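**Q** Quick one: the structure is below, questions incoming.
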Amino acid sequence: MKLDRIDRKLLKAMQQNSRSSNLELAEQVGLSPTPCSRRVKRLEESGIIRGHVTLLNQSMLGLKMTAYIGISMDRHTPDRFEAFEQEVMTYPEVMECSVVTGQSSDYLLKAVVADMEYYEKFLLGRLTRIPGVTGVHSSFELRRVIQRTELPLGHIDDDTILRD
């Protein structure tokens, strides 16, 4: 799929405010509402737009602690990794989970919890009980310097073909 200048403007505008109406989007990118709506639908159907979310204020909701957790596994087998991933997907505290290289960990998790007491229960009562977990290394966020939800789009030009 190719994205043109208008597609990129649409994506940028939608990342900045996903609640913009189709009319507002059309005005921002210089289209009439019907072609704008068709483009958004095409971007959604292609999978480039995965969904629309509402960002909540973590601190105001009493979720004062963010932990970055390195997880080491006993075996590097597809079934062991699949079982871990299926289990950790059920934990609402886990905001992100990635398989990583270059560290002693196999996975890096980002978890959001209320406080250290809750984190201890989460760690000892659930994470370390997942079969295959042999090591856990936790680091805690002291202060967030940057938090972005917008992906950079500057590398995409009219000749770029996008693939998954």
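Just so we're aligned: 51 in UniProt numbering is position 51 of the sequence shown, and the numbers increase by one with no gaps anywhere. No residue lacks a Cβ here, since even glycine has one placed at the ideal position from N, Cα and C. These numbers come from a predicted model, not from an experiment.
Take phenylalanine 81 as the anchor and find which of Cys97, Ser138, Ile69 and Glu93 has the nearest alpha-carbon.
**A** In the sequence shown, counting from the first residue as 1, residue 81 sits at position 81. The candidate whose alpha carbon is nearest that of phenylalanine 81 is Cys97.
**Q** Roughly how many angstroms lie between the CA atoms of aspartate 115 and methionine 60, to the nearest whole one?
**A** As a working mapping, residue 115 is identified with position 115 in the sequence shown. As a working mapping, residue 60 is identified with position 60 in the sequence shown. Answer to the nearest angstrom: the Cα atoms are 13 Å apart.
**Q** Mind reading off the beta-carbon distance from glutamate 150 to glutamine 16? Whole number of angstroms is fine, and I expect it under 8 Å.
**A** In the sequence shown, the residue the question calls residue 150 occupies position 150. In the sequence shown, the residue the question calls residue 16 occupies position 16. Confirmed, Cβ separation roughly 7 Å.
**Q** From the DSSP output, in three-state form, read off glycine 70 for me.
**A** Mapped onto the sequence shown, residue 70 falls at position 70. Correct three-state label for glycine 70: strand.
**Q** Could you check which residue in Asp158, Ala13, Val94 and Ser105 has the C-alpha nearest to that of histidine 76?
**A** By one-based count along the sequence shown, residue 76 stands at place 76. That would be Ser105, whose Cα lies nearest to the Cα of histidine 76.
**Q** In the region 69-144, which residue ranges form an unbroken beta strand (DSSP E) of at least 3 residues, counting only runs that do not cross its ends?
**A** Within the region 69-144, the complete beta strand (DSSP E) runs of at least 3 residues are 94-99, 107-113 and 133-140.
**Q** For lysine 12, name the three-state secondary structure that DSSP assigns.
**A** By 1-based counting over the sequence shown, the position of residue 12 is 12. Helix.
**Q** Measure the CB-CB distance between valine 88 and leucine 109 and report whether it falls below 8 Å.
**A** In the sequence shown, the residue the question calls residue 88 occupies position 88. In the sequence shown, the residue the question calls residue 109 occupies position 109. Going by C-beta atoms, valine 88 is nearer than 8 Å to leucine 109.
**Q** Using 8 Å as the cut-off, can you tell me whether the region 60-71 makes contact with the region 128-147, which would need three or more C-beta pairs spanning the two stretches below that distance?
**A** Yes, they touch.
**Q** Nearest by alpha-carbon distance to leucine 153: which of Arg8, Leu124, Ser37 and Gly102 is it?
**A** In the sequence shown, the residue the question calls residue 153 occupies position 153. Selected option, being the one with the closest Cα: Arg8.
**Q** Under DSSP, the alpha helix (DSSP H) around serine 37 begins and ends at which residues?
**A** As a working mapping, residue 37 is identified with position 37 in the sequence shown. It spans 33-46 - the alpha helix (DSSP H) in which serine 37 sits, taken as one unbroken run.
**Q** For arginine 19, verify whether its CB is less than 7 Å away from any heavy atom of the ligand HEM.
**A** As far as ligands go, the structure on display features none, and thus does not contain the ligand HEM.
**Q** Can you tell me the Cβ-Cβ gap for leucine 25 and alanine 13, rounded? I've got them flagged as a contact below 8 Å.
**A** Counting from one through the sequence shown, the residue named residue 25 turns up at place 25. Counting from one through the sequence shown, the residue named residue 13 turns up at place 13. Yes, they are in contact, since the Cβ atoms of leucine 25 and alanine 13 sit about 6 Å apart, within 8 Å.
**Q** In whole angstroms, give me the CA-to-CA distance for threonine 128 and valine 113.
**A** Residue 128 sits at position 128 when you count from the first residue of the sequence shown. Residue 113 sits at position 113 when you count from the first residue of the sequence shown. Approximately 16 Å, taken between the alpha carbons.
**Q** Decide if phenylalanine 122 is buried, meaning its Cβ has at least 16 other Cβ atoms within 10 Å, or exposed.
**A** On the sequence shown, position 122 is the one that residue 122 refers to. Buried.
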